[in-house]
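K.L.:
Before I ask anything, here is the structure I am working with.
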Amino acid sequence: MKLVTSAQMRAVDHETIVNQGIPGAELMENAGKGTAWGILELLDTNPEETTVVVFCGKGNNGGDGFVVGRYLHQEGVNVVIFYLGTPENFSPDAKLNFESAQKCGLDMFEVKTIADLPENLDCDIVVDALFGTGFEGAPRGLAGEIIEYINRQEVTIVAVDIPSGLNADNGRHEGTVIEADCTFTMALPKYGLYLSPGRELSGIVEIVPIGVPDMVVEKFDLLNELIIPDDVIEFLPERKPDGHKGDFGKLFILAGSTGLTGAAAMAGESAVRSGVGLVKVGCPKTTQPVLAIKLTEVMTVPLPDVAKKGSLALRGLGEIRQYIEEHDAVIIGPGLGRHHETFELVRRILSRLETPAIIDADGLNALAGHLELIKNCPAPLVLTPHPGEFKNLTGEAVPDDYLEKADLVRKYSALWGTVIILKGSPTLVGSPDNLCYFNQTGNSGMATGGSGDVLSGIIGSFLAQGMKTLEASLAGVFIHGLAGDLAAEALTERAMKAGDIIDYLPRVFQMLGE
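Numbering that gives the first Met the number 0 numbers the first residue of the sequence shown as 0 and each following residue consecutively.
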C-alpha cells in the first residue's frame, strides 16, 4: 500500500474531487462512517451502554469528527461533541456536517475556554478530530490545552486520520500531541504514523477506505510502500496436507566461526521455526561440535578450516558448492568471521552461484570493493545490511532523513538488480523495480546481537519453500518484527534477547491464520 506525505495526500484528494468528480463531502462521509465502524469494533460493551466524546476542530478533520459522532449516535452510542470555533469559521464540508449532526439531536457544545470542560470526562472513548494531516508547528492556545486535557483522561483515545499535533511527514511534534491508543487514517497511510515517535503516539493504525479510486493513486509517482498484513498472508506458501519434509524446501546455511557460533545457531533455529523442511549448517570443522550441541533439529556439516583457527578455508570451495547445489536456498554470512581466506571463499562462491541466496553480515563485508560480483551474480540475491555494513559496501553513509534513505536503497537495488533490506527503525526493503517498502513492525528490544541472524533464517526458510526474493523479504521483515513486538509485550523491550523472537514465531503464524 502506497505511503504518502501530507502534500501527496492533498494532491490525491484534489485529483479525486476535481478531476474524478467525487465530492469532498462524499469522501468525508466515507471517512467518518469508516471510523465509526472501527470504533464500534473496539467496544467492550453494548453501544447503548457506551459513551463517546468527540473533539472537533474547524477544518476537515473536525468535519470527519462530526460524521463519526452522527454514525455512532445512529447505532445507539451516547455521543457528546465538543467543538472549537464557530460554524461560520468551519471549512465548507465541516460546516455541512456540523449542521447534519445538529439535526440528529446530538449533544454539541462550543469550547471557548478550558474551563468549559468538566474536570474529568465520564466516558469510554475520546475521539480526537482537532487537527488533520496538514497541521504543522505546535498547537497553541486553547487547542494545546485541550490536547493536554485529553491526554489526562483515563480512557481509550482514538485519533481521526492522525493524532493532533503530530507531523504527518516525519512523525515528530514541536509541542503537545495526542497520545492515541488507535488511529484511523484515511485512504492511504502517512509516513508520520510509522516513524518514531509518531509510531508510538499513534497506537494501532487502521486504514479507512474513503472511495479514492485506484486509478487516481496510480497517477502519482509514489515510490514508497507500506508492508501490510494482507500482503504477507498472500505471500506465504500453502502447505500440502499430505506433504513430507522434502516438499517444504531444503536450506543450506554457510555460517559460524570461533566465538560466533551463536549466529549460525540462531539462523538455523529461526529457519526451522518458519516452516522449511530441512536445514543444514555448514561450519568450520573446529566449531562443528559446538554447533551440534546447540542445534537439535538442524544438521551440521564440518567443513575445512584455516589451520584449525575456526574460519572457513578456501580449499572447501568444491565441497561447499556441492552442498549449495543440493539445496533450494542458501544463507551466507552469519558469524562467518573476517579471515581473508574466508572472504575469498565467499567471493568465489558468488561468482558462480545460481541458488537463491541471502548475503548477510560478514558475507557482505567480504564483497566490499568487489561490487561487480553482486551485479553479475547469476543467482537471485537478498542483501541484508545494517547501516554500517551498507556504508562499508557502498562507500555511502546512510542519511537520517527517511526519504533520502529510501532513495538510497532504491538506487542500489536497481543498480545491482537485487533486493536490499536495510535494517533499522523502520527497516526498509528495496526492490529492483525502483520501489521501497517500509516495515511497520518491530521495536527497540530487537536492537540486540543476533536479531539479524534470526531475520536471515526466516527469509532463507521462505526462499527454500519457493517464495520469490521480494516476497520472502517483505514477509520476513514483517513477521520478524511482529514476533519481536509480541516478545516485547510479554518480556519488555529492555529484557528481550534475539532468541525471544524465535520463541514467538509460532504465535505470529497463528495470528496470520496458519
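Every residue gets a Cβ at the ideal spot worked out from N, C-alpha and C, and that includes glycine.
A quick note: this is a predicted structure, and the numbers were derived from the prediction, not measured.
At the level of alpha carbons, what is the spacing between asparagine 223 and leucine 473?
P.N.:
For asparagine 223 and leucine 473, the distance between alpha carbons rounds to 13 Å.
K.L.:
Give me the DSSP bridge partner(s) of threonine 491.
P.N.:
DSSP lists no partner for threonine 491.
K.L.:
Would you be able to state if there are at least three C-beta pairs under 8 Å between the region 75 to 92 and the region 51 to 63?
P.N.:
The region 51 to 63, when compared against the region 75 to 92, does touch it at the 8 Å Cβ threshold.
K.L.:
Can you give me the start and stop residues for the beta strand (DSSP E) that isoleucine 420 sits inside?
P.N.:
It spans 418 to 421 - the beta strand (DSSP E) in which isoleucine 420 sits, taken as one unbroken run.
K.L.:
Just verifying my parser: in three-state terms, what is the DSSP assignment at glutamate 403?
P.N.:
Looking at glutamate 403 - three-state DSSP - the assignment turns out to be helix.
K.L.:
For glycine 394, is the classification buried or exposed, using 16 other Cβ atoms within 10 angstroms of its Cβ as the cut-off for buried?
P.N.:
Under this definition glycine 394 is an exposed residue.
K.L.:
If you follow the alpha helix (DSSP H) that proline 228 is part of, which residue opens it and which one closes it?
P.N.:
Where proline 228 is concerned, the enclosing alpha helix (DSSP H) stretches over 228 to 234.
K.L.:
By DSSP, does lysine 1 sit in helix, in strand, or in coil?
P.N.:
The answer is strand: DSSP assigns lysine 1 an E or B state.
K.L.:
Would you report the Cα separation of methionine 445 and histidine 385, rounded to the nearest angstrom?
P.N.:
Distance between the alpha carbons of methionine 445 and histidine 385 is about 13 Å.
K.L.:
By Cβ distance, which residues of its chain are closer than 8 Å to asparagine 88, with the 5 residues on each side in sequence left out?
P.N.:
For asparagine 88, where only same-chain residues beyond five positions count, the Cβ hits under 8 Å are Lys57.
K.L.:
If you drop the 5 nearest sequence neighbours on each side, which residues of the same chain put their C-beta closer than 7 Å to that of serine 530?
P.N.:
It is not possible to answer for residue 530, since the shown part of the chain is limited to 0 through 513.
K.L.:
Just the Cα atoms here: how many angstroms apart are isoleucine 440 and leucine 200?
P.N.:
The question names isoleucine, but residue 440 is threonine in the sequence shown. Going by the C-alpha atoms only, they are around 14 Å apart.
K.L.:
For glycine 362 versus isoleucine 331, is the C-beta spacing smaller than 8 Å?
P.N.:
Cβ distance < 8 Å, so glycine 362 and isoleucine 331 count as in contact.
K.L.:
When you compare each of Gly267, Asn442, Pro425 and Val215 to isoleucine 21 by their alpha carbons, which one comes out closest?
P.N.:
The candidate whose alpha carbon is nearest that of isoleucine 21 is Val215.
K.L.:
Would you tell me roughly how many angstroms separate the C-alpha atoms of phenylalanine 247 and phenylalanine 234, rounded to the nearest one?
P.N.:
Looking at the two C-alpha atoms, the distance is approximately 15 Å.
K.L.:
Give a yes or no on whether the C-beta atoms belonging to phenylalanine 130 and alanine 100 are separated by under 8 Å.
P.N.:
No, the Cβ-Cβ distance between phenylalanine 130 and alanine 100 is not below 8 Å.
K.L.:
For a quick check, are the C-beta atoms of proline 188 and leucine 2 less than 8 Å apart?
P.N.:
Yes, the pair counts as a contact, with Cβ atoms nearer than the cut-off.
K.L.:
Determine, using beta carbons only, whether tyrosine 193 and aspartate 168 come nearer to each other than 8 Å.
P.N.:
No, these two residues do not count as a Cβ contact at 8 Å.
K.L.:
Which same chain residues, not among the five before or five after glycine 174, have their C-beta less than 8 Å away from its C-beta?
P.N.:
So the list reads Gly136, Ala137, Pro138, Arg139, Gly143 and Gly164, once near-sequence residues are dropped.
K.L.:
Starting from aspartate 521, follow the beta strand (DSSP E) in both directions and report where the run begins and ends.
P.N.:
Given that the chain is displayed from residue 0 to residue 513, the structure contains no residue 521 and the question cannot be resolved.
K.L.:
What do you reckon, is the C-beta of asparagine 442 under 7 Å from a heavy atom of the ligand COA?
P.N.:
By its list of ligands, the structure shown contains no ligand whatsoever, and the ligand COA lies outside what it can speak to.
K.L.:
By DSSP, does valine 297 sit in helix, in strand, or in coil?
P.N.:
In this structure, valine 297 counts as coil in the three-state DSSP scheme.
K.L.:
Skipping 5 residues on each side, what residues in its chain have a beta carbon closer than 6 Å to that of glutamate 324?
P.N.:
No residues qualify anywhere along the chain.
K.L.:
Alpha carbons only, please: which of Ile357, Phe342, Gly429 and Leu352 is nearest the one belonging to histidine 369?
P.N.:
It is Phe342 whose Cα lies nearest to the Cα of histidine 369.
K.L.:
Spatial neighbours of alanine 471 within its chain, please: C-beta separation below 6 Å, excluding the five flanking residues on both sides.
P.N.:
The answer, listed in chain order, is Ile458, Phe461 and Leu462.
K.L.:
Applying the 10 Å Cβ sphere with the 16-neighbour rule, what's the burial state of threonine 468?
P.N.:
That one is buried.
K.L.:
Quick one: complete alpha helix (DSSP H) runs, 4+ long, within the region 361 to 399?
P.N.:
Qualifying alpha helix (DSSP H) stretches, in chain order: 361 to 364, 371 to 375 and 386 to 393.
K.L.:
If you count every other CB in all the chains shown that lies within 10 Å of the CB of aspartate 241, and 16 or more means buried, which is it?
P.N.:
Exposed.
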